[in-house]
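Undergrad: Numbering (our numbering), first residue to last: 28 to 283.
Note that the Cβ used here is the ideal one computed from N, Cα and C, for glycine as well.
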Amino acid sequence: MSASSRRPLIAGNWKLHNTVAESVELARAVLHRTPRDAAVDVLVAPVFTALYAVHEAIGDGSVRLAAQDCHFEDRGAFTGEVGPALLKDVGCTFVILGHSERRHVFGELDEAVRRKVAAVLSHGLTPIVCVGEKLEEREADRTEAVVLGQLDAALEGLDAESARGCVIAYEPVWAIGTGRTASPEDAEAVHRAIRARLGERFDGPTAESVRILYGGSVKPANAAALLAQPDIDGALVGGASLDAESFAEIVQAAIA
Ligand code: PEP
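Shown next, in the form of structure tokens:
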């Protein structure tokens with residue numbers, strides 16, 4: 028982990044898995060394995076229907092609660108949507124936004140991500156803003172252009188103080204759920220570019236304080252090498268977060 032003052036963050040994205048009872052069981056197992064007062068932040072993101080029950084199970088202690096998405100409005104004629112005020116009401120403190128599955132499976136556009144980021148911040152919640160290139164974009168040497176374009180769009184209109192309230196997650200689309208991981212060096216290069224862009228858009232202290240997570244097939248076997256990179260401040264973990272033991276090993280890698 029970097030020598031900076033950024034506290035590592037390990038986030039488990041459970042995606043569309045687990046009933047309420049299974050989510051509570053997994054959350055308890057994660058809580059049980061998460062060291063109290065460890066030098067790492069840990070969060071889990073269950074399905075919407077399990078948020079309330081998982082919060083009841085974990086409380087406001089060493090494991091925090093995140094939602095996997097939200098709408099930018101709090102109430103109104105938006106059938107099927109859940110807004111940030113309701114997420115806060117059930118104990119969420121983080122919201123994952125712009126995940127590649129939202130962008131590429133559900134057609135979510137940069138403008139929606141921007142509005143969601145602003146809405147989440149306005150409720151005092153922390154957005155985890157996901158950015159990442161598709162395989163064909165990497166092969167066309169467009170990784171930085173795509174990633175920084177998504178970053179610029181998501182943070183449009185924010186001041187430095189608001190930007191400091193965000194977490195960024197770099198998740199190359201070709202590495203999510205595929206078993207393929209960016210090499211630590213390739214991931215670090217993109218993280219460095221993201222941090223440099225934060226410095227240009229805002230200021231040096233903001234760039235230095237924002238946590239940038241890596242996501243894409245993070246497992247116990249590759250976590251330590253990724254987390255050892257100076258600009259990788261944690262991980263957004265999908266598949267491996269569904270197993271409490273594997274997730275705990277990744278958390279340990281962030282502490283070591
Ligand atoms: C994710 O869901 O954000 C993710 C990175 O998934 P996985 O770890 O399974 O690649």
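Serine 244: beta carbon under 8 Å from a heavy atom of ligand 1?
TA: Yes, since a heavy atom of ligand 1 falls inside the 8 Å radius drawn around the Cβ of serine 244.
Undergrad: Exposed or buried, which one is histidine 131 when buried takes at least 16 other CB atoms within 10 Å?
TA: Histidine 131 should be labelled exposed.
Undergrad: Could you check whether the Cβ of histidine 44 sits closer than 8 Å to any heavy atom belonging to ligand 1?
TA: Histidine 44 Cβ: outside cutoff for every heavy atom of ligand 1.
Undergrad: Residues bridged to proline 154 by DSSP?
TA: Its beta-bridge partners are Val122.
Undergrad: Straight-line CA distance for glycine 206 to leucine 175?
TA: Taking the straight line joining both Cα atoms gives about 24 Å.
Undergrad: Could you give the DSSP three-state label for aspartate 116: helix, strand or coil?
TA: The answer is helix: DSSP assigns aspartate 116 an H, G or I state.
Undergrad: Are the region 72 to 88 and the region 115 to 128 in contact at 8 Å, needing three or more beta carbon pairs?
TA: The region 72 to 88, when compared against the region 115 to 128, does touch it at the 8 Å Cβ threshold.
Undergrad: Report, in whole angstroms, the separation of the C-beta atoms of valine 200 and leucine 178, which I expect to be a contact under 8 Å.
TA: Wrong, their Cβ atoms sit about 15 Å apart, outside the cutoff.
Undergrad: Please state if the CB of alanine 66 and the CB of isoleucine 282 are separated by a distance shorter than 9 Å.
TA: A contact, by the Cβ cut-off of 9 Å.
Undergrad: Taking the DSSP output, what are the residues bridged to aspartate 68?
TA: Leu36, per the DSSP bridge assignment.
Undergrad: Do you know whose CA, among Lys161, Tyr241, Ala172, Phe229, lies nearest glutamate 188's CA?
TA: Glutamate 188 has its Cα closest to that of Phe229, out of Lys161, Tyr241, Ala172, Phe229.
Undergrad: On the DSSP bridge assignment, give the partners of leucine 182 in chain order.
TA: Answer is none; leucine 182 lacks a bridge partner.
Undergrad: Return the residue from the list Glu198, Val217, Arg142, Leu263 that minimises the CA-CA distance to glycine 184.
TA: Ranking the options by Cα distance to glycine 184, first place goes to Arg142.
Undergrad: Let me confirm a value: glutamate 272 is counted as buried when at least 16 other C-beta atoms fall within 10 Å, else exposed. Which label applies?
TA: Burial call: exposed.
Undergrad: Check whether the Cβ atoms of leucine 225 and valine 194 lie closer than 9 Å to each other.
TA: Their beta carbons are not under 9 Å apart, which means leucine 225 does not touch valine 194 by this criterion.
Undergrad: Quick one: is leucine 114 buried, meaning 16 or more other Cβ sit within 10 Å of its Cβ, or exposed?
TA: Leucine 114 should be labelled buried.
Undergrad: Ligand 1 heavy atoms versus the CB of threonine 205: any closer than 8 Å?
TA: Correct: threonine 205 has its Cβ closer than 8 Å to ligand 1.
Undergrad: Counting only the same chain and skipping the five closest in sequence on each side, list residues whose C-beta sits under 6 Å from that of lysine 246.
TA: Around lysine 246: Ala267.
Undergrad: How far does the beta strand (DSSP E) with arginine 91 in it reach, from first residue to last?
TA: Counting along the chain, the beta strand (DSSP E) containing arginine 91 begins and ends at 90 to 94.
Undergrad: Can you tell me which of the three DSSP states arginine 169 falls into?
TA: Coil.
Undergrad: State the Cα-Cα distance for the pair isoleucine 259 and leucine 253, rounded to the nearest angstrom.
TA: Roughly 7 Å between the two C-alpha positions.
Undergrad: Using a threshold of 9 Å, state whether the C-beta atoms of alanine 181 and valine 140 are closer than that.
TA: Yes. Within cutoff.
Undergrad: Expressed to the nearest angstrom, what Euclidean distance is found between the alpha-carbon atoms of glutamate 100 and proline 62?
TA: Approximately 36 Å, taken between the alpha carbons.
Undergrad: For glycine 242, which of helix, strand or coil comes out of DSSP?
TA: Correct three-state label for glycine 242: strand.
Undergrad: Let me confirm a value: threonine 233 is counted as buried when at least 16 other C-beta atoms fall within 10 Å, else exposed. Which label applies?
TA: Result: buried.
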